[in-house]
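Here is the structure we will look at, set down as structure tokens.
Chains as they are written, first to last, in the working numbering: chain A, 1 to 391; chain B, 1001 to 1391.
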């Protein structure tokens, strides 16, 4: 396991990606295309070369369309890039930078093509890659009804209890209910914010973000101090859609941003699901539209969701229990030691597991969270126990 | 137009079919098969022939399977068949007998094959065939919630206002809301009862049945004095499903009889629709099941329903307005005269229309109802006006 508070990968490339997250907006397609032809450090060097940026680029990358206007945009922000020691200070404070190729990078984001994030700023103990291997996005209206908030919380809690990670956008309404629902049973949840993580928009969710950062992961494409922009919310939605196997829309008016997330999920070939509601409620109209016109699956509970998301080959007849998504042989030695200390029945407390595995309690708890997200262990009355294999 | 209070077709055949409605249960498949080979009067004569029933049947019909047990069943009920004068008295009292081949017979019932009704007992001013050419069934739980009752009433009223006939089963709950919704704007509604029309089950709907008999049609396969039987409700459902172009389930628990009607509609190639509701309500669980597992269309309003039921070739871009389902040239002379007296704009009251057409007010009102059901005229503030043709 990597990336828990300590930097991963080549620091030069990591800091170059961090610099690019100051220079370019998330999802900038010209930058995405350019990074297919040359490493991030070359782009940063070219921006620094001002008027002679073209000569500073490797010859093979100079034919990317739109470079003139893009470099003008990026150069106008050169003053916003902080010195390397400021980035290093953020890393020491608990933010970690994860880019393509890093061990914690969720490779499903590569489906975004040139709109793939240049880098992700992360915070929280969950390993983003492992957590999102078995994840569902739950999104919906900020102005949720009591019905929508209740249903989002119930479905999220049930999914989290079955070892699924709940991904959402950290907004008021359905997003918040989904995160809180997942946290309630001690489950795993990931919030992808449109603001920087230090800015933490909306401000009213300070405590919720603290809770997520304490057990799951906060994610942003923007540097920690950035305020959100209006288009930034829609651009952020593609990351929510791409991280998870499917997106559930719980409540959405006909023009809700949640429908945008659903559309992105559909474009990415992810499963799109919608929870029905009263036809007399405007806040369910978008969900019904998804079902009627877009072919979204009508889901009413967590079981409906997992039935749709279980990959082909997993045993559908076994109910909610699925096999691990990461084989034990691919775990790092510390996590394997913790897994070996988890009994089949009746379960064991984390302190005893830590003792048997020969690791500290903090490490044991962190590893148990990852093992749960990956499907190896589950909570029980006595603490933790190994999940039964599907066969 | 035929069949309004006065007998139609051959009285011998009609009374033979009436007699069979006393002898056999609705949907008896042996009787259905037998009637493909010989006329109803031959079957009645054979039943009367007691032990020599086989010789009394035409030779070509003696190979129908199951005749022995069927004749034993039918013969055990010979005493229940009333004398012809009792049937004639029922006809004078306003009941009419309609069988296959009669002008008022809805030919879509022929899709039921050997389960086609032997005869229908009708009461009410609506012409069943014309009324059901553009009809929708709306069915659901007897134990409807306030939500379900409201939505059923709204959709029915809106459909009736657009010239669609609302078919249902006359039960408590969703059925009643659908009938009442259709009656509210002066629309056309048909109740298919599992009991005889004189018995009128459930008794608590006496006034509702009176209202339907006053402007639409009550329909039963059973003789007027028959109480309903438990299997009779399910058998009746096939008539509701077959009469209409599609069935809308508004609220249904997972084991509701309404799902049986939906299944029959599906088997008959009719459009199956379901109205979603709160996932927290058991009474919407059957609707969600229909959408999730059976591929029922998710509908939220009358417009959704008419979009699905408008036949290919009707102009979908014109909104709810559709062309007439019966061309003016096929109307009888009296109805044509009434149609000619209906202005395009701004509309005219029924008394003035009656005067111009040279018919009595009762006749004018009855014809206007039929013309509305067939899509030629519509109500307006001034009374009635011609519907604009779709082109």
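C-beta atoms are modelled at their ideal positions from N, C-alpha and C, and glycine is treated no differently.
Whole-angstrom distance between residue j and residue i, CA atom to CA atom
{"i": "residue 392(A)", "j": "residue 84(A)", "result": "Outside the displayed span of chain A (1 to 391) sits residue 392(A), for which this structure offers no information."}
{"i": "residue 393(A)", "j": "residue 87(A)", "result": "Residue numbering for chain A in the displayed model covers 1 to 391; residue 393(A) lies beyond these limits and cannot be assessed."}
{"i": "residue 144(A)", "j": "residue 173(A)", "result": "5 Å"}
{"i": "residue 178(A)", "j": "residue 1148(B)", "result": "28 Å"}
{"i": "residue 12(A)", "j": "residue 81(A)", "result": "15 Å"}
{"i": "residue 1137(B)", "j": "residue 245(A)", "result": "39 Å"}
{"i": "residue 258(A)", "j": "residue 1157(B)", "result": "33 Å"}
{"i": "residue 1054(B)", "j": "residue 1090(B)", "result": "32 Å"}
{"i": "residue 185(A)", "j": "residue 153(A)", "result": "11 Å"}
{"i": "residue 130(A)", "j": "residue 210(A)", "result": "21 Å"}
{"i": "residue 110(A)", "j": "residue 1181(B)", "result": "54 Å"}
{"i": "residue 61(A)", "j": "residue 41(A)", "result": "13 Å"}
{"i": "residue 1366(B)", "j": "residue 1221(B)", "result": "24 Å"}
{"i": "residue 1276(B)", "j": "residue 355(A)", "result": "53 Å"}
{"i": "residue 297(A)", "j": "residue 1292(B)", "result": "7 Å"}
{"i": "residue 362(A)", "j": "residue 331(A)", "result": "18 Å"}
{"i": "residue 288(A)", "j": "residue 115(A)", "result": "29 Å"}
{"i": "residue 305(A)", "j": "residue 299(A)", "result": "6 Å"}
{"i": "residue 1335(B)", "j": "residue 1247(B)", "result": "30 Å"}
{"i": "residue 321(A)", "j": "residue 161(A)", "result": "Because the pLDDT at residue 321(A) is just 43, under 50, the model does not fix this residue reliably, and the value given afterwards should be weighed accordingly. The alpha-carbon atoms of residue 321(A) and residue 161(A) are separated by roughly 11 Å."}
{"i": "residue 50(A)", "j": "residue 43(A)", "result": "11 Å"}
{"i": "residue 1066(B)", "j": "residue 1101(B)", "result": "26 Å"}
{"i": "residue 1232(B)", "j": "residue 1310(B)", "result": "31 Å"}
7 Å Cβ cutoff, residue i in contact with chain B
{"i": "residue 300(A)", "result": "yes"}
{"i": "residue 174(A)", "result": "no"}
{"i": "residue 205(A)", "result": "no"}
{"i": "residue 140(A)", "result": "no"}
{"i": "residue 57(A)", "result": "no"}
{"i": "residue 13(A)", "result": "no"}
{"i": "residue 317(A)", "result": "Note that residue 317(A) scores 39 on pLDDT, short of 50, meaning its location in the model is unreliable and no value can be drawn from it."}
Sub-7 Å separation of residue i and residue j beta-carbons
{"i": "residue 235(A)", "j": "residue 169(A)", "result": "no"}
{"i": "residue 1252(B)", "j": "residue 1295(B)", "result": "no"}
{"i": "residue 1388(B)", "j": "residue 1347(B)", "result": "no"}
{"i": "residue 1326(B)", "j": "residue 1357(B)", "result": "no"}
{"i": "residue 95(A)", "j": "residue 132(A)", "result": "no"}
{"i": "residue 201(A)", "j": "residue 228(A)", "result": "yes"}
{"i": "residue 1163(B)", "j": "residue 1375(B)", "result": "yes"}
{"i": "residue 1242(B)", "j": "residue 1108(B)", "result": "yes"}
{"i": "residue 1045(B)", "j": "residue 1056(B)", "result": "yes"}
{"i": "residue 1023(B)", "j": "residue 1074(B)", "result": "yes"}
{"i": "residue 175(A)", "j": "residue 198(A)", "result": "no"}
{"i": "residue 1155(B)", "j": "residue 1189(B)", "result": "no"}
{"i": "residue 1119(B)", "j": "residue 1215(B)", "result": "no"}
{"i": "residue 1249(B)", "j": "residue 1262(B)", "result": "yes"}
{"i": "residue 950(B)", "j": "residue 1191(B)", "result": "Here chain B comprises residues numbered 1001 to 1391, so residue 950(B) is not present and cannot be evaluated."}
{"i": "residue 36(A)", "j": "residue 99(A)", "result": "no"}
Contact with chain A by residue i, beta-carbon distance below 7 Å
{"i": "residue 1292(B)", "result": "yes"}
{"i": "residue 1179(B)", "result": "no"}
{"i": "residue 1288(B)", "result": "yes"}
{"i": "residue 1019(B)", "result": "no"}
{"i": "residue 1320(B)", "result": "Any reading at residue 1320(B) needs caution, since the residue's pLDDT is 41, under 50, leaving its predicted position unreliable; the model's value is listed next. Not closer than 7 Å to any Cβ of chain A, the Cβ of residue 1320(B) fails to qualify, so no."}
The ligand SAM heavy atom lying under 6 Å from the CB of residue i
{"i": "residue 1364(B)", "result": "Only the bare structure without any ligand can be found here, which leaves the ligand SAM out of the picture."}
is_contact[residue i, chain D] using C-beta, thresh 7 Å
{"i": "residue 39(A)", "result": "The displayed structure is made up of protein chains A and B, and chain D is not among them."}
Whole alpha helix (DSSP H) runs in the segment 150-174 of chain A with 4 or more residues, listed along the chain? none
Please list, in chain order, the residues of the segment 142-167 of chain A that have any C-beta partner in chain B closer than 8 Å. 147, 150 and 151
Check distances from the C-beta atoms of the segment 1265-1281 of chain B to those of chain A and list, in chain order, the residues that come in under 8 Å. 1275, 1276, 1277, 1278, 1279 and 1280
Near-chain A residues of the segment 1024-1050 of chain B - C-beta to any C-beta below 8 Å: none
List, from N- to C-terminal side, the alpha helix (DSSP H) runs of 4 residues or more that fit wholly inside the segment 1269-1314 of chain B. Runs of the alpha helix (DSSP H) inside the segment 1269-1314 of chain B: 1282-1293 and 1302-1309.
Closer than 9 Å, Cβ to any Cβ of chain A: which residues of the segment 1211-1236 of chain B, in chain order? Of all residues in the segment 1211-1236 of chain B, none has a Cβ within less than 9 Å of some Cβ in chain A.
Report the residue ranges of all beta strand (DSSP E) runs contained in full by the segment 1041-1108 of chain B; include only those spanning at least 3 residues, in chain order. 1096-1098
Please give me, in chain order, every unbroken run of the alpha helix (DSSP H) with length at least 4 that falls completely inside the segment 1170-1227 of chain B. 1174-1183 and 1206-1215
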